[in-house]
Amino acid sequence: MLDNSKTSSRSVIETVLVMLLLLALMFALYDVLRAFFGVFTFALIFAVSFSKPYEKLVKLLKNKRKLAATIYAILLISIITLPFVFIISAIANHVKEASIFISNVKEHGLPPLSPKIASLPLVGDQITSFWKNILINPQETLGPHEPQIKAAFNHVLTTGMGMLGATFQFVLGIIISAFFLAGGEKMLLPVKAAMKHLLGARDGIELLHATGQAVKGVSIGVMGTAFFAALISWIGFAIAGVPFALGLAALVFFLVVIQVGPLLVWIPLIIWYATQGHTGWTIFLIIYATGVMIIDTILKPILIAKSGGKLPFLVLFLGVVGGMIAWGFTGMFKGAIIMAVFYTIFTKWLEKRKSEQEFTAGATF
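For what it's worth, UniProt numbering labels the leading residue of the sequence shown as 1, then goes sequentially.
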């Protein structure tokens with residue numbers, strides 16, 4: 001009897017130690033993979049969004065999945081890097097002009113402001129007055145604003161570095177998504193086996209399906225919104241005669257996907273048009289940019305709801321918004337998946353309780 005109690009206590013201790021070891025390994029694994037969450041998020045977005053076009057490409061290439069994945073990755077990376085090539089070339093072309101302008105300012109001071117700026121509605125007189133004060137006494141005018149200028153400069157640098165990091169994650173995500181697409185259903189076999197083992201064949205597959213619907217809804221919502229924002233922006237740029245319209249539209253697509261938003265392109269463009277004295281086009285661009293922002297805000301939840309399968313809109317919406325607030329960009333997927341899994345478990349529990357009550361009522365009758 002004593003030996004049996006010792007054996008059982010030893011087995012309990014061993015089980016606890018194994019569980020603690022597994023928890024430690026899971027935490028270590030989380031720390032290792034945490035840096036790649038953004039990359040895998042992009043990979044999921046691209047793999048889900050481009051799965052149907054990829055399968056059509058596979059059929060065209062007579063079922064050569066690896067070749068199709070290579071072509072897919074090259075094309076997508078080329079499209080993503082296109083706006084940066086345009087921007088870098090434009091910056092390179094204007095570096096000389098900027099250096100000449102700076103040297104002239106050092107020697108002769110700031111040039112007088114264009115009279116067309118004064119005609120701008122609401123802000124024209126204020127800009128003209130501020131510019132005159134800079135010409136008369138630059139130190140006294142700009143001195144009180146020095147902290148704000150430094151903060152704005154640091155923000156621009158931080159944003160630029162963040163965009164470079166996001167671009168790197170973007171490219172890596174495309175490459176990993178090519179592996180996902182090339183693997184096809186085989187990539188999900190270990191996950192399906194684990195879900196069946198842990199939750200049973202029926203519940204495991206249903207939870208996996210709910211997770212897939214959440215990922216699909218968010219992916220199509222993000223990519224669809226980015227595509228429409230870029231397309232509408234390109235039309236606006238073309239109407240206004242903006243240089244590098246296609247490259248700027250591609251940049252809008254990139255910024256909407258990484259959740260920065262299109263204003264990072266539109267605001268500098270509006271300021272540039274205003275300083276050139278194009279009052280009418282400036283007003284047009286302001287109105288048009290407002291429309292693009294409204295579309296970006298409204299279209300995303302609609303597309304997510306339409307693509308979320310049987311999952312209710314409110315479930316996905318709360319998951320996406322709450323996840324973004326809690327964890328940033330990758331939180332869109334984390335929040336949506338958590339809400340989808342919780343909703344599926346909750347509805348299954350309600351169905352089970354209902355069937356048990358019906359069975360009890362039938363047996364009593």
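Note that beta-carbon positions come from the ideal geometry of N, C-alpha and C, so glycine has one too.
Alpha-carbon spacing of residue i relative to residue j, whole angstroms
{"i": "L25", "j": "G236", "result": "52 Å"}
{"i": "V171", "j": "I77", "result": "6 Å"}
{"i": "S219", "j": "V320", "result": "11 Å"}
{"i": "F313", "j": "M339", "result": "11 Å"}
{"i": "A69", "j": "A250", "result": "22 Å"}
{"i": "residue 425", "j": "G277", "result": "Because the chain spans 1 through 365 in this model, residue 425 falls outside it and cannot be assessed."}
{"i": "residue 367", "j": "G322", "result": "This structure leaves residue 367 out entirely; the chain is present only between 1 and 365."}
{"i": "L22", "j": "A193", "result": "19 Å"}
{"i": "K334", "j": "Q126", "result": "46 Å"}
{"i": "F346", "j": "Y54", "result": "35 Å"}
{"i": "K64", "j": "I71", "result": "11 Å"}
{"i": "M293", "j": "Q259", "result": "12 Å"}
{"i": "A245", "j": "M332", "result": "30 Å"}
{"i": "A151", "j": "M324", "result": "25 Å"}
{"i": "R34", "j": "A326", "result": "15 Å"}
{"i": "G184", "j": "I79", "result": "24 Å"}
{"i": "L29", "j": "L20", "result": "14 Å"}
{"i": "F40", "j": "T279", "result": "45 Å"}
{"i": "K59", "j": "K52", "result": "11 Å"}
{"i": "D31", "j": "S355", "result": "43 Å"}
{"i": "E351", "j": "A238", "result": "55 Å"}
{"i": "V18", "j": "R353", "result": "34 Å"}
{"i": "E14", "j": "F36", "result": "34 Å"}
{"i": "V16", "j": "K186", "result": "34 Å"}
Residues near residue i by beta carbon distance below 8 Å, same chain, minus five either side
{"i": "T282", "result": "L120, I270, Y273 and A274"}
{"i": "I337", "result": "T211, A214, V215 and G319"}
{"i": "L67", "result": "L61"}
{"i": "S129", "result": "none"}
{"i": "V265", "result": "S233, L248, L251, V252 and L255"}
{"i": "V48", "result": "V215, K216, S219 and I220"}
{"i": "G291", "result": "I232"}
Selected residue, minimal CA-CA separation from residue i, among the options
{"i": "T167", "options": "L21, V257 and K306", "result": "V257"}
{"i": "P262", "options": "G247, D31, A289 and F27", "result": "A289"}
{"i": "L75", "options": "K300, N63 and L57", "result": "L57"}
{"i": "M223", "options": "G184, V292 and D296", "result": "D296"}
{"i": "A182", "options": "F46, G38, W234 and Y30", "result": "F46"}
{"i": "L207", "options": "S355, R353, V16 and W349", "result": "W349"}
{"i": "V242", "options": "A229, F227, P268 and L33", "result": "P268"}
{"i": "F342", "options": "T279, H209 and L17", "result": "H209"}
{"i": "F227", "options": "T15, E14, F50 and L29", "result": "F50"}
Cβ neighbours of residue i in the same chain (closer than 7 Å, five flanking residues each side left out)
{"i": "A43", "result": "G173, I176, S177 and F180"}
{"i": "T225", "result": "V256, D296, L299, K300 and L303"}
{"i": "L2", "result": "No answer about L2 holds up, because its pLDDT of 48 lies below 50 and its placement is not dependable."}
{"i": "A73", "result": "I174, I175 and A178"}
{"i": "A240", "result": "W281, F284 and L285"}
{"i": "T344", "result": "E206, L207 and A210"}
First and last residue of the uninterrupted alpha helix (DSSP H) at residue i
{"i": "A249", "result": "A245 to V257"}
{"i": "G322", "result": "F313 to W327"}
{"i": "P268", "result": "L263 to T275"}
{"i": "V260", "result": "Per DSSP, V260 belongs to no alpha helix (DSSP H) and is neither H nor E."}
{"i": "G38", "result": "F37 to S49"}
Neighbourhood of residue i by C-beta distance below 6 Å, restricted to the same chain and skipping five residues each side
{"i": "G221", "result": "K300, L303 and I304"}
{"i": "A230", "result": "A249, V252 and F253"}
Residue i Cβ short of 6 Å to the ligand COA heavy atom set
{"i": "L299", "result": "The ligand COA is not part of this structure, which contains no ligands at all."}
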